[in-house]
Amino acid sequence: MKIKNNAGEIVEFEISKLENSLRNSGAEENSIKKVIDNILPNCIEGVTTREIYKLAFDELKKISNSVAARYSLKKALLELGPAGFYFEQWIARVFQNIGYKTETGQLIKGHSVTHEADVIAKKDEKTYWVECKFRNAEDTKISVTTPMYVLSRIKDISGINYNLFGTQTEFTDGWLITNTYFTKDSVAFGEYYGLRLLSWDYPKGKNIKSLVDQNALYPITCLTTLDGKQKQRLLEKKCVLVKELFNNQNLLDVLDLNEARKSEVLKEAKELLVIKISE
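Residue numbers (our numbering): 28 to 306.
Right under this line is the structure:
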């Protein structure tokens with residue numbers, strides 16, 4: 028059967044890819060079979076991958092909200108837009124939770140011009156300039172001109188002492204992070220010049236999806252028991268991670284939920300935090 032992917036290309040439908048994406052979201056084998064059996068009658072010639080995703084997501088929600096939440100991670104990252112401010116805040120939280128100190132919104136005076144930092148991170152003796160490139164379309168690729176640009180910024184701020192994290196420090200390394208993908212040239216350029224790259228699928232085994240699943244660092248936008256306005260309200264209250272909501276459950280008070288609805292949200296949050304997914 029031929030389907031249309033998000034780039035508008037006509038490709039062969041590979042059921043194994045769908046099965047693996049369900050499996051990687053924590054679905055059990057009997058649940059995977061049930062989802063596949065229920066959506067296949069609606070997968071007609073020319074159906075889009077987005078339509079297949081929606082069918083699978085709806086079936087997963089009938090089985091488990093938390094599994095559906097993991098399955099929707101890529102879409103949840105898009106909901107940290109449209110400008111990407113919340114994506115930067117989420118990246119800062121991710122770094123904090125894996126052992127880095129972070130600062131955001133800093134203006135850094137370079138040799139030639141002043142730069143606005145998305146995230147500055149520090150771990151051990153290294154201080155990192157972290158450039159976040161948020162994209163509103165999930166299949167967008169970051170071209171090689173972006174890592175070139177980031178490298179030039181890092182060059183401009185290198186060799187200067189800055190007062191960061193309560194001490195004098197120089198930038199030693201750089202990161203370029205996107206919620207989507209890098210082109211092959213971007214990866215080749217980053218690897219050659221020692222620029223650390225992080226995207227939805229790169230590097231293998233240590234990409235955004237792996238990092239989130241292995242450390243339960245799900246953005247609040249993953250929660251399937253809240254609607255878009257409710258998620259936005261929590262983001263405005265600086266609640267970016269599901270973990271933050273679960274650890275400070277009083278944040279739910281701003282949503283005016285009844286006790287039954289609160290219990291649903293917290294049940295989903297707890298399941299996302301206690302069940303770790305590995306590749």
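Each residue gets a CB set at the ideal place from its N, CA and C atoms; glycine is no exception.
Exposed unless 16 or more other CB atoms sit within 10 angstroms - verdict on residue i
{"i": "Ser-139", "result": "exposed"}
{"i": "Ala-215", "result": "exposed"}
{"i": "Gly-73", "result": "exposed"}
{"i": "Thr-173", "result": "buried"}
{"i": "Tyr-245", "result": "buried"}
{"i": "Gly-86", "result": "Note on identity: in this sequence residue 86 is Glu, with Gly being the wrong assignment. Buried."}
{"i": "Asp-280", "result": "exposed"}
{"i": "Asn-163", "result": "exposed"}
{"i": "Leu-134", "result": "exposed"}
{"i": "Gln-195", "result": "exposed"}
{"i": "Asp-228", "result": "exposed"}
{"i": "Thr-141", "result": "exposed"}
{"i": "Val-301", "result": "exposed"}
{"i": "Asn-92", "result": "buried"}
Option nearest residue i by Cα separation, candidates the options
{"i": "Leu-272", "options": "Leu-203, Lys-294 and Asn-285", "result": "Lys-294"}
{"i": "Glu-46", "options": "Lys-264, Glu-263 and Ser-58", "result": "Ser-58"}
{"i": "Lys-297", "options": "Gln-276, Ile-187 and Tyr-220", "result": "Gln-276"}
{"i": "Ala-95", "options": "Ser-48, Lys-264 and Tyr-127", "result": "Ser-48"}
{"i": "Arg-260", "options": "Ser-237, Ser-91, Ala-83 and Leu-284", "result": "Leu-284"}
{"i": "Leu-282", "options": "Asp-254, Leu-299 and Lys-270", "result": "Asp-254"}
{"i": "Leu-278", "options": "Ala-287, Lys-233 and Lys-264", "result": "Lys-264"}
{"i": "Trp-202", "options": "Leu-225, Cys-249 and Leu-191", "result": "Leu-225"}
Sequence-distant residues of the same chain with beta carbon closer than 8 angstroms to residue i, five excluded per side
{"i": "Asp-145", "result": "Glu-115, Ile-118, Thr-131, Val-157, Glu-158 and Cys-159"}
{"i": "Phe-161", "result": "Leu-107, Gly-108, Ala-110, Gly-111, Phe-114, Glu-115, Thr-205 and Asn-206"}
{"i": "Asn-274", "result": "none"}
{"i": "Lys-61", "result": "Glu-86 and Ile-90"}
{"i": "Glu-308", "result": "No information on residue 308 is available, as it lies outside the stretch 28 to 306 that the chain covers here."}
beta-carbon residue i near the ligand ADP non-hydrogen atom, thresh 6 angstroms
{"i": "Arg-97", "result": "Ligands in the displayed structure: none, and consequently the ligand ADP is not present."}
Same chain, Cβ closer than 7 angstroms to residue i, neighbours up to 5 away in sequence not counted
{"i": "Lys-168", "result": "Thr-207, Tyr-208, Phe-209 and Thr-210"}
{"i": "Arg-50", "result": "Ile-59"}
Through-space distance from residue j to residue i, alpha-carbon basis
{"i": "Asn-69", "j": "Ile-79", "result": "9 angstroms"}
{"i": "Glu-152", "j": "Thr-75", "result": "48 angstroms"}
{"i": "Phe-84", "j": "Glu-55", "result": "15 angstroms"}
{"i": "Cys-266", "j": "Lys-258", "result": "9 angstroms"}
{"i": "Met-28", "j": "Thr-252", "result": "34 angstroms"}
{"i": "Tyr-219", "j": "Ser-179", "result": "15 angstroms"}
Contact under 7 angstroms by Cβ, residue i with residue j
{"i": "Lys-44", "j": "Ile-37", "result": "no"}
{"i": "Leu-268", "j": "Arg-120", "result": "yes"}
{"i": "Gly-22", "j": "Asp-183", "result": "Here the chain comprises residues numbered 28 to 306, so residue 22 is not present and cannot be evaluated."}
{"i": "Ser-176", "j": "Ala-148", "result": "Residue identity check: residue 176 is Tyr in the sequence provided, not Ser. Taking 7 angstroms as the Cβ cut-off, Tyr-176 and Ala-148 do not qualify as a contacting pair."}
{"i": "Asn-33", "j": "Asp-240", "result": "no"}
Close beta carbons around residue i, own chain, < 6 angstroms, minus the five adjacent residues each side
{"i": "Asn-65", "result": "Glu-86"}
{"i": "Ser-170", "result": "Thr-210"}
7 angstroms Cβ cutoff, residue i in contact with chain B
{"i": "Lys-233", "result": "The structure shown contains no chain B; it holds only a single protein chain."}
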